[in-house]
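For reference, each letter of the sequence shown is one residue, going 699 to 997 in my numbering.
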Amino acid sequence: MTVERLEIHPIDTVTLTNRQFLTGAKDGRSARIGGILQLPVASEKLPAVVLIHGSDGVGSRENGWAQELTDIGIAAFILDSFTGRGIVETITNQSQLGHLAMIFDAYRALELLAKHPRMDSSRIAIMGFSKGGFVALYSSMRRFQRSYGPTNVEFTAYFPFYARCDTPFLEDEDVSDHPIRLFHGIADDYVPIAGCRKYVERLRLVGKDIQLFEFAGAHHAFDNSLYQEARFMPDAELPNLCRLEERPGGVIINLDTGLPYSSKDACVTRGATLAYNANAHDEARKLVKENLRQALRLK
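Shown next, in the form of structure tokens:
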């Protein structure tokens, strides 16, 4: 389907620390970020998907998924949480912008789209990749929605790709009743799948509409054709060996030290693989479209 119109939208937001976010504070540093809205040709109000980039910022992956979405009549809003803050990447230093802070940005994008005259506010989903996958997953938590979400609207579906799921948060089983669909490569050494398997099982036990689609042989960023040749990122910051947990007061504790987590903790290592996988990408395309058609009630 042809894209009828492109719109560039500024978004006023704030930059919150993890502790500020977890305690419901709203007095972070002001920031202005932006997003690109791609509108397919349509005579009726449109469904939409907010696309959240990973630690490498907006690139070909987000643009590719936007095209997949507009081809089936869904508006795509690519949110850029980095450029307006003067950030290029957080691969080597995740403390530049916390994963949690980007959830606040995602809610502001939802708020913007819900008021857009071309949008159907009851059919707006979120889809994110890696760091953005974390955002797409945990924006479903009702606790976070109460603190920061827009009034009387929430995402209709949540589609995290290779998200980090290994830190238990307070009330993290109280999530939306809307569909949550995770996509993860079994060979991922950047964000191992084990944490998501455990979290998905916990949510299933409390009756949530959640599925984890696993792709054999697929690494991190398996849907990004930029990595046709596998690329090892020697400086990528990894907390994979850390056992973390949120405690009251908005503190994320390293369970091995009993102290607040720091990226300088001994459990933090470096080095991870990014690799495209055509079979996994093709299967993910089919699954995403099939599940979006149901969640967004496409004709």
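Here a beta-carbon is modelled for each residue, glycine too, at the ideal position from N, C-alpha and C.
To the nearest angstrom, how far is it from the Cα of A934 to the Cα of R816?
Start at 1 with the first residue of the sequence shown, and residue 934 comes out as number 236. Start at 1 with the first residue of the sequence shown, and residue 816 comes out as number 118. Taking the straight line joining both Cα atoms gives about 40 Å.
Could you tell me the distance, in whole angstroms, from the CA atom of D818 to the CA atom of L868?
The count along the sequence shown starts at 1 and reaches residue 818 at position 120. The count along the sequence shown starts at 1 and reaches residue 868 at position 170. Straight-line Cα distance between these residues: approximately 32 Å.
Using CA atoms only, rank isn't needed, just tell me which of F842, G883, L942 is closest to E981.
Start at 1 with the first residue of the sequence shown, and residue 981 comes out as number 283. For E981, the nearest C-alpha among the options comes from G883.
Which runs of the alpha helix (DSSP H), 4 residues or longer, sit entirely within the region 805–849?
Entirely contained in the region 805–849, the alpha helix (DSSP H) runs reaching 4 residues are, in chain order, 829–836, 840–846.
Contact between the region 825–833 and the region 747–757: three or more CB pairs below 8 Å?
Touching, yes, given that three or more Cβ pairs across the two stretches are closer than 8 Å.
Which whole-angstrom value describes the C-beta separation of T865 and E943, a residue pair presumed to lie in contact below a C-beta threshold of 8 Å?
Position 167 of the sequence shown, counted from the first residue, corresponds to residue 865. Position 245 of the sequence shown, counted from the first residue, corresponds to residue 943. So it is a contact: roughly 7 Å between Cβ atoms.
Since Y846 and Y888 should fall inside the 8 Å C-beta cutoff, what is the C-beta to C-beta distance between them, to a whole number of angstroms?
Indexing the sequence shown from 1 puts residue 846 at position 148. Indexing the sequence shown from 1 puts residue 888 at position 190. Going by Cβ atoms, the distance from Y846 to Y888 rounds to 27 Å, so no, they are not a contact pair.
Going straight from the alpha carbon of E760 to that of A861, what length do you get?
Locating residue 760 in the sequence shown gives position 62, where the first residue counts as 1. Locating residue 861 in the sequence shown gives position 163, where the first residue counts as 1. Their Cα atoms are separated by approximately 15 Å.
According to DSSP, simplified to helix, strand and coil, what is Q909?
The residue labelled residue 909 in the question sits at position 211 within the sequence shown. Residue state, collapsed to three classes: strand.
Counting along the chain, where does the alpha helix (DSSP H) carrying A976 start and finish?
The sequence position of residue 976 within the sequence shown is 278, counting from 1. From DSSP, the alpha helix (DSSP H) with A976 extends over 976–993.
What residue range does the alpha helix (DSSP H) around R717 cover?
Taking the sequence shown and counting its residues from 1, one reaches residue 717 at position 19. Counting along the chain, the alpha helix (DSSP H) containing R717 begins and ends at 716–720.
Got a sec, what are the start and stop residues for the beta strand (DSSP E) D1040 sits in?
Because the chain is modelled from 699 through 997, residue 1040 falls outside the range shown and cannot be assessed.
Would a C-beta distance cut-off of 8 Å place L901 and E871 closer than the cut-off?
The count along the sequence shown starts at 1 and reaches residue 901 at position 203. The count along the sequence shown starts at 1 and reaches residue 871 at position 173. Against a cut-off of 8 Å, the Cβ pair of E871 and L901 comes out as a contact.
Going by DSSP, which residues form a beta bridge with E944?
For the purposes of this step, residue 944 is taken as residue 246 along the sequence shown, with counting starting at 1. According to DSSP, which records beta bridges pairwise, E944 is partnered with I950.
Find the nearest neighbour of V712 within the set A773, R783, L704, judged by alpha-carbon distance.
The residue given as residue 712 occupies position 14 in the sequence shown. If we check each option's Cα against that of V712, R783 comes out closest.
Less than 8 Å separating the beta-carbons of F859 and D921?
By one-based count along the sequence shown, residue 859 stands at place 161. By one-based count along the sequence shown, residue 921 stands at place 223. Cβ atoms of F859 and D921: closer than 8 Å.
In the structure shown, what three-state DSSP assignment does R862 receive?
The residue given as residue 862 occupies position 164 in the sequence shown. Correct three-state label for R862: coil.
Do T758 and L924 have their C-beta atoms within less than 8 Å of each other?
By one-based count along the sequence shown, residue 758 stands at place 60. By one-based count along the sequence shown, residue 924 stands at place 226. Before going further, note that residue 758 is Ser rather than Thr in the sequence given. It is a contact, given that the beta carbons lie within the stated cut-off.
Could you check which residue in L903, I908, R727 has the C-alpha nearest to that of D875?
Taking the sequence shown and counting its residues from 1, the one referred to as residue 875 is at position 177. Taking only the C-alpha atoms, the option nearest D875 is I908.
Can you tell me whether T790 is buried or exposed, with buried defined as 16 or more other CB within 10 angstroms of its CB?
Taking the first residue of the sequence shown as 1, we reach residue 790 at position 92. Classification of T790: exposed, given that the 10 Å Cβ count is below 16.
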